[in-house]
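J.: Just so you know, we're using this note's numbering here: the sequence shown kicks off at 1 and counts up by one.
The C-beta atom is built at its ideal place from N, Cα and C for all residues, glycine as well.
A quick note: this is a predicted structure, and the numbers were derived from the prediction, not measured.
Once you've had a glance at the structure underneath, I'll fire off some questions.
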Amino acid sequence: MELSLTTPEAITTQAAILPDLLLAYRKHIGLYRGRTMRDDNESSINLEDAYALETPEDNRALYRSWASTYDADFAQRNKYVYPKTIATICAELVGTSSPLTILDIGCGTGIVGTCVSELITASIIDGVDISPEMLHVASTKLRVDTKPVYDQLFEADLTQPISFANVKYDVAISAGTFTHGHLGPDALINVMSVVRPGGHMVIGINKKHFGANGFAAALQKASDSQLISTPAFTEVQIYDEGSPHFGDLALITSLYVSPRG
Ligand SMILES: C[S@@+](CC[C@H](N)C(=O)[O-])C[C@H]1O[C@@H](n2cnc3c(N)ncnc32)[C@H](O)[C@@H]1O
């Protein structure tokens, strides 16, 4: 049968035969509704869109569209200071002089990795993300000495068992990825397997997402079963003063993976 995808009514009729089509259409409209109502001065994609995501496939679709404008339209416009803050906390924890291997979880366009490379200059940084378009932008980021920020970039869905890493890292770092519509506590436990025994994790988790989605219980369980140390939390601003989102908070969760491995 030939499908006419021109109007919602046509889709509704045809959805009697293809129910998934209507579901997909509604989701698409819901995801992008905010965009059509905003004025031209605003970013075409924004936090509302990102927080409304539900599945890894939603994330792939949104970041496919957002990759080329993310740095200027989202990070700069909104005074996104979280990557710099988490890199600073990480550097204070692990030191700045050793050639540590660091995995940037949900590295996106590479803002966190860039900040880390400026502070822990000898670090060897890999990144992992579900979006090939975001990873492509990350691959263009350079260190102060003009070498690439990232040594290796991996495309992977972190809600699935980890198969991309051949080595275990000294440090895992993340900003902006453990948030509404993105990764939850199960993925956090999942990524612990990429850190070597005794290695550190410095993971930013949106504070409201942390409270609503069982991160405390998951971390308590991991700590009780001696998989990790008792975590320490540092509350930080995600956006700087002057940003429309100033006041949105994250809990930077610092812990180390059990040396007993
Ligand atoms: C808000 S961006 C943050 C990017 C970067 N860390 C930053 O601070 O700018 C969230 C990132 O999480 C990635 N992501 C979402 N779901 C994922 C999944 N299931 N597995 C891996 N990465 C995912 C997205 O592709 C996106 O690049």
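Indicate whether the contact test is met: 3 or more Cβ pairs, each with one atom in the segment 224 to 235 and one in the segment 151 to 165, closer than 8 Å.
T.: The segment 224 to 235 is not in contact with the segment 151 to 165.
J.: Just to check, is the beta-carbon of Ile-45 closer than 7 Å to a non-hydrogen atom of ligand 1?
T.: Position 45 of the sequence shown holds residue 45. No, the beta carbon of Ile-45 sits no closer than 7 Å to any heavy atom of ligand 1.
J.: Quick check on DSSP: helix, strand or coil for Val-94?
T.: One-based indexing of the sequence shown puts residue 94 at position 94. In the structure shown, Val-94 sits in a helix (DSSP, three-state: H, G or I).
J.: Consider the C-beta atom of Ile-111 and the heavy atoms of ligand 1; say whether any pair is separated by less than 7 Å.
T.: Indexing the sequence shown from 1 puts residue 111 at position 111. Result yes, Cβ under 7 Å from ligand 1.
J.: I'd like to confirm something about Asp-49: is its beta-carbon nearer than 7 Å to some heavy atom of ligand 1, or not?
T.: Against the sequence shown, residue 49 aligns to sequence position 49. False, no ligand heavy atom lies under 7 Å from that Cβ.
J.: With C-beta atoms as the reference, is Asp-49 less than 8 Å away from Leu-62?
T.: Locating residue 49 in the sequence shown gives position 49, where the first residue counts as 1. Locating residue 62 in the sequence shown gives position 62, where the first residue counts as 1. Yes; because the gap between Cβ atoms is below 8 Å, this pair is in contact.
J.: Run through DSSP, which three-state label would Arg-196 get?
T.: Counting from one through the sequence shown, the residue named residue 196 turns up at place 196. Strand.
J.: Closer than 6 Å by C-beta to Cys-115: which residues in its own chain qualify, once you throw out the five before and the five after it? Chain order, please.
T.: Here the question's residue 115 lines up with position 115 in the sequence shown. Taken in chain order, the residues that qualify are Pro-83, Lys-84 and Ala-87.
J.: Rank Leu-183, Thr-109, Met-201 and Leu-103 by C-alpha distance to the C-alpha of Ala-75 and give the top, closest one.
T.: Walking along the sequence shown from the start, residue 75 turns up at place 75. With distances taken between Cα atoms, Ala-75 lies closest to Thr-109.
J.: Can you tell me whether Thr-69 sits near ligand 1, meaning its C-beta is under 7 Å from at least one heavy atom of the ligand?
T.: Translated into positions along the sequence shown, residue 69 becomes position 69. No, the beta carbon of Thr-69 sits no closer than 7 Å to any heavy atom of ligand 1.
J.: Compute the Euclidean distance between the alpha carbons of Tyr-150 and Val-112, then round it to the nearest angstrom.
T.: Taking the sequence shown and counting its residues from 1, one reaches residue 150 at position 150. Taking the sequence shown and counting its residues from 1, one reaches residue 112 at position 112. Roughly 11 Å between the two C-alpha positions.
J.: Any chance the segment 238 to 246 sits against the segment 209 to 223, with 3 or more Cβ pairs inside 8 Å?
T.: No, the segment 238 to 246 is not in contact with the segment 209 to 223.
J.: How is the alpha helix (DSSP H) around Phe-210 delimited, first residue to last?
T.: Numbered from 1 along the sequence shown, position 210 holds the residue referred to as residue 210. Where Phe-210 is concerned, the enclosing alpha helix (DSSP H) stretches over 207 to 212.
J.: Should Ala-212 be counted as a contact of ligand 1 given a C-beta to heavy atom distance under 7 Å?
T.: Residue mapping note: residue 212 aligns to position 212 of the sequence shown, counting from 1. Because no heavy atom of ligand 1 lies under 7 Å away, the Cβ of Ala-212 does not count as near it: no.
J.: Secondary structure at Met-37, three-state DSSP: helix, strand or coil?
T.: To locate residue 37, count along the sequence shown from 1; it is residue 37. Residue confidence for Met-37 is low, a pLDDT of 30 falling below 50, so the modelled location carries little weight and cannot support an answer.
J.: So the candidates are Lys-221, Ile-130 and Gly-176; which of them puts its Cα closest to the Cα of Asn-262?
T.: With the chain covering only 1 through 261, there is no way to say anything about residue 262.
J.: What is the rounded straight-line gap between the Cα of Pro-185 and the Cα of Gln-220?
T.: Translated into positions along the sequence shown, residue 185 becomes position 185. Translated into positions along the sequence shown, residue 220 becomes position 220. The alpha-carbon atoms of Pro-185 and Gln-220 are separated by roughly 11 Å.
J.: My guess is that Gly-204 and Val-257 are in contact by the Cβ rule of under 8 Å, so how many angstroms apart are they, rounded?
T.: For the purposes of this step, residue 204 is identified with residue 204 of the sequence shown, where counting begins at 1. For the purposes of this step, residue 257 is identified with residue 257 of the sequence shown, where counting begins at 1. At roughly 18 Å, the Cβ-Cβ gap does not stay under 8 Å, so Gly-204 and Val-257 are not in contact.
J.: Which word fits Thr-55, buried or exposed, when buried means at least 16 other C-beta atoms lie within 10 angstroms of its C-beta?
T.: Position 55 of the sequence shown, counted from the start, is the residue given in the question as residue 55. Thr-55 is exposed by the Cβ-count criterion.
J.: Going by beta carbon distance, what residues of the same chain come within less than 7 Å of Gly-181, once the five residues before and after it are set aside?
T.: Numbered from 1 along the sequence shown, position 181 holds the residue referred to as residue 181. Hits under 7 Å: Ala-50, Tyr-51, Ala-52, Leu-53 and Glu-54.
J.: Just how far apart, CA to CA, sit Tyr-169 and Val-195?
T.: Residue mapping note: residue 169 aligns to position 169 of the sequence shown, counting from 1. Residue mapping note: residue 195 aligns to position 195 of the sequence shown, counting from 1. Using only the alpha carbons, I get a separation of about 5 Å.
J.: Should Pro-99 go down as buried or exposed, given a rule of 16 or more other Cβ atoms within 10 Å for buried?
T.: Walking along the sequence shown from the start, residue 99 turns up at place 99. By the 10 Å Cβ count, Pro-99 comes out exposed.
J.: Among the residues of its own chain, which have a CB less than 8 Å from the CB of Pro-161, if the five just before and after it don't count?
T.: Within the sequence shown, the letter at position 161 stands for residue 161. These residues qualify, in order along the chain: Asn-190.
J.: Mark Leu-135 as exposed unless 16 or more other C-beta atoms lie within 10 angstroms of its C-beta, in which case mark it buried.
T.: Position 135 of the sequence shown, counted from the first residue, corresponds to residue 135. Classification for Leu-135: buried.
J.: Sorted by chain position, which residues of the same chain lie with C-beta nearer than 6 Å to Pro-231's C-beta, five sequence neighbours on each side aside?
T.: As a first step, residue 231 is located in the sequence shown; it is residue number 231 there, counting from the start. Cβ neighbours of Pro-231 beyond the five flanking positions: Leu-219, Thr-253 and Leu-255.
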